[in-house]
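Using my numbering, the final residue of the sequence shown is 241, and nothing's skipped along the way.
Here is the structure we will look at.
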Amino acid sequence: PGIGWNSDDARGQGGNGNRMGMGMTDAPGRNDDTRGGRRGSNGPDGMSLHDGLGDPAALVTAGDTLSSVDTASLVFMVNEEKLAHDLYVELGDAWNLRVFDNISSAEQQHMDAVRSLLDAYGADDPTDGLAAGEFSDPELQDLYDTLLAEGLGSSTQALAVGALVEETDIEDLRDRATDNEAIATVFSSLESGSENHLRAFVNNLDRAGVDYEAQVLSDTEVSRITVR
Numbered sequence: 014p015g016i017g018w019n020s021d022d023a024r025g026q027g028g029n030g031n032r033m034g035m036g037m038t039d040a041p042g043r044n045d046d047t048r049g050g051r052r053g054s055n056g057p058d059g060m061s062l063h064d065g066l067g068d069p070a071a072l073v074t075a076g077d078t079l080s081s082v083d084t085a086s087l088v089f090m091v092n093e094e095k096l097a098h099d100l101y102v103e104l105g106d107a108w109n110l111r112v113f114d115n116i117s118s119a120e121q122q123h124m125d126a127v128r129s130l131l132d133a134y135g136a137d138d139p140t141d142g143l144a145a146g147e148f149s150d151p152e153l154q155d156l157y158d159t160l161l162a163e164g165l166g167s168s169t170q171a172l173a174v175g176a177l178v179e180e181t182d183i184e185d186l187r188d189r190a191t192d193n194e195a196i197a198t199v200f201s202s203l204e205s206g207s208e209n210h211l212r213a214f215v216n217n218l219d220r221a222g223v224d225y226e227a228q229v230l231s232d233t234e235v236s237r238i239t240v241r
């Protein structure tokens, strides 16, 4: 289900079901200057105070084994975090928006956290050795290319792409709830970070005069996350 990426362990769609449409409408009387970002209680331009995860491998008890479902969840999420990171780096370079620079750094932390769990459990990392913007799954590669092309259309389209990715990340993390304490702890931290990132993208769209509309989660849930 991740942003239109079909996986064998799909958990269902939920939300508004609009995986690819950019959820925004122009608001009158505002300019399109999204440069410079915005500071808030969660750190500058979306750098979450929850993104410092320490060493997730320390959460894994010696001798613990990983179920096939949890293995699939970790594989799915490390791919999704790589997509977010690589996409934000490219969009940050294209539009010189600080929000992308800050959030891409946080996404690197998220990706490293999931990789740490994969390594601790002796599971293969599907992103190992891949270059930026490169994915082993053809559908994920097509998705990355599509989102990048959309985000290169304008600075506001780039921000809406970022919000779409974060909404999807939140839903996918919730869909992969687990009794595995180490994974649950990391996924909870990643979800908190993604909520902060979604809030930052929506705040930047608001500064640009764009009213954001929920794309994956419900309108009520997006409002709960973004209205502070």
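Just so you know, even glycine gets a beta-carbon here, dropped at the ideal spot from N, CA and C.
Checklist line | Extent of the continuous alpha helix (DSSP H) to which V242 belongs | finding: Only positions 14 to 241 of the chain appear in the structure, and residue 242 is not among them; the question remains open.
Check: Going by other Cβ atoms of all chains shown within 10 Å of its Cβ, with 16 needed for buried, is L211 buried or exposed?
Finding: Residue environment for L211: buried (at least 16 other C-beta atoms within 10 angstroms of its C-beta).
Checklist line | First through last residue of the alpha helix (DSSP H) which encompasses D219 | finding: If you look at D219, you'll find it in the alpha helix (DSSP H) that goes 194–220.
Notebook entry, point to check: Are L130 and P69 closer than 7 Å when you measure CB to CB?
Noted result: Going by C-beta atoms, L130 is nearer than 7 Å to P69.
Note to self: Is T159 close to the ligand GDP? I mean its beta-carbon at under 6 Å from any heavy atom of the ligand.
What the structure shows: By its list of ligands, the structure shown contains no ligand whatsoever, and the ligand GDP lies outside what it can speak to.
Next item on the list: Following the continuous alpha helix (DSSP H) through D155, name the residue where it begins and the one where it ends.
Entry: Counting along the chain, D155 sits inside the alpha helix (DSSP H) bounded by residues 151–164.
Check: Distance, Cα to Cα, E180 vs A75?
Finding: If I take the Cα positions, the gap works out to 34 Å.
Checklist line | Backbone secondary structure at A235 - three-state DSSP | finding: Looking at the sequence shown, residue 235 is not Ala but Val. In the structure shown, V235 sits in a helix (DSSP, three-state: H, G or I).
Notebook entry, point to check: Does the stretch 136–148 come within contact of the stretch 182–196, defined as at least 3 CB pairs closer than 8 Å?
Noted result: Not touching, per the Cβ criterion.
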